Amino acid sequence: MTSTNFNQFLIRVTKHFTPVINQEFLQSDYFPIDLSPANNTLSKLDLTSSKEMERYINNYLRENNKKVAYGGYLEKRTIYQRSSHFNHQNPETERNIHLGIDLWVEAGTEVLAVVDGEIHSFHDNTNFGDYGPTIILKHQVDGITFHTLYGHLSRESLQDIQVGQQVKKREVIAHLGDANVNGDYAPHLHFQVIIDIGNLKGDYPGVSSKQDIAFYSKNCPDPNLLLKIHP
-18 MTSTNFNQFL IRVTKHFTPV INQEFLQSDY FPIDLSPANN TLSKLDLTSS KEMERYINNY
42 LRENNKKVAY GGYLEKRTIY QRSSHFNHQN PETERNIHLG IDLWVEAGTE VLAVVDGEIH
102 SFHDNTNFGD YGPTIILKHQ VDGITFHTLY GHLSRESLQD IQVGQQVKKR EVIAHLGDAN
162 VNGDYAPHLH FQVIIDIGNL KGDYPGVSSK QDIAFYSKNC PDPNLLLKIH P
């Protein structure tokens, strides 16, 4: 299946706005946020501080009278330069292009399965700047298999779950973690669609280098095709 055809398939999987966090949030509660270098405000912030980023995002939401800040698919970011996990010392292999969509909201927020499926794998990815606790679901729709990744969860989210466990659309599968466990970020969900996960379990690259983006942008299509937060 070509990437164009797969994108069309994803569009058909969900018919309208489909929440991946707390169902009480309406579509109108979401507001886009730019975390690329084009946002000049970021140059005035200490991007190494998760607390300062959390204050910035909370103020941003308050100023716009919204509850969830979202965005970031294929967005180039400088925030990853604070961690060697992203190879920031080598311009050729530096990973700074975001492959999922981030939903910035308070720790403890419920995380929902977007489509019926099963738990493929889970792991606590503890590198500085990494996902922290992560769950990956496997989905089969109309004979087509794909995966969704949920990163930056609470550690409690990984307790009492099993590989192969069935989950239903909109079922609570986890809660968001805080900076102490989520890779040292302001609380948010990293949600990513993966077509071919290979042999990886509990982890998959969420940020790409420029040299690898052609592959990853095809294997990880825009999550908004499922969520339909914006047209």
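Quick note on numbering: this note's numbering labels position 56 of the sequence shown as 37, and the sequence is numbered without any gaps. Yeah, the Cβ is synthetic: ideal placement off N, Cα and C, and Gly gets one too. Note that the structure is a prediction, hence the values are computed from the model and not measured.
When the distance is taken between beta carbons, is residue j closer than 9 angstroms to residue i?
i, j, result
"LEU207", "VAL96", "yes"
"GLN173", "LEU28", "no"
"LYS182", "HIS120", "no"
"ILE154", "ILE194", "no"
"ILE125", "PHE(-13)", "yes"
"LEU225", "VAL92", "The requested residue 225 is not part of the displayed model; the chain covers only -18 to 212."
"PHE103", "ILE142", "yes"
"ILE168", "ARG136", "Before going on, a small fix: residue 168 reads as Pro here, not Ile. No. Outside cutoff."
"TYR131", "LEU118", "yes"
"ARG58", "SER190", "no"
"ILE210", "GLN8", "yes"
Along the chain, where does the alpha helix (DSSP H) that runs through residue i open and close?
i, result
"LEU(-9)", "-16 to -6"
Over the uninterrupted beta strand (DSSP E) stretch that includes residue i, give me the two end residues.
i, result
"TYR131", "125 to 132"
"GLU99", "98 to 106"
"GLN278", "Not covered by the structure: residue 278. The range shown for the chain is -18 to 212."
For my contact list, residue i and residue j are in at a C-beta cut-off of 8 angstroms; report their separation, rounded to the angstrom.
i, j, result
"GLY89", "LEU157", "6 angstroms"
"THR31", "TYR166", "Before going on, a small fix: residue 31 reads as Ser here, not Thr. Between TYR166 and SER31 the Cβ distance is about 5 angstroms, and since that is below 8 angstroms, they are a contact."
"GLU56", "GLN192", "Going by Cβ atoms, the distance from GLU56 to GLN192 rounds to 17 angstroms, so no, they are not a contact pair."
"TYR54", "ASP184", "With 8 angstroms as the limit, TYR54 and ASP184 do not qualify as a contact, their Cβ atoms being about 19 angstroms apart."
Is any heavy atom in the ligand HEM found nearer than 8 angstroms to the beta carbon of residue i?
i, result
"GLU56", "As presented, the structure is devoid of all ligands, the ligand HEM included, so that no description of it is given."
Check: Can you list, in chain order, the stretches of the alpha helix (DSSP H) that have 4 or more residues and sit fully within the segment 13 to 90?
Finding: DSSP runs (the alpha helix (DSSP H)) wholly in the segment 13 to 90: 31 to 44.
Item checked: Completely contained beta strand (DSSP E) runs for the segment 143 to 211, where each covers 3 or more residues -> 153 to 156, 169 to 175, 188 to 190
Check: Is the number of C-beta pairs between the segment 97 to 111 and the segment 20 to 40 that are closer than 8 angstroms three or more?
Finding: Contact between the segment 97 to 111 and the segment 20 to 40 is absent: fewer than three C-beta pairs spanning the two stretches fall below 8 angstroms.
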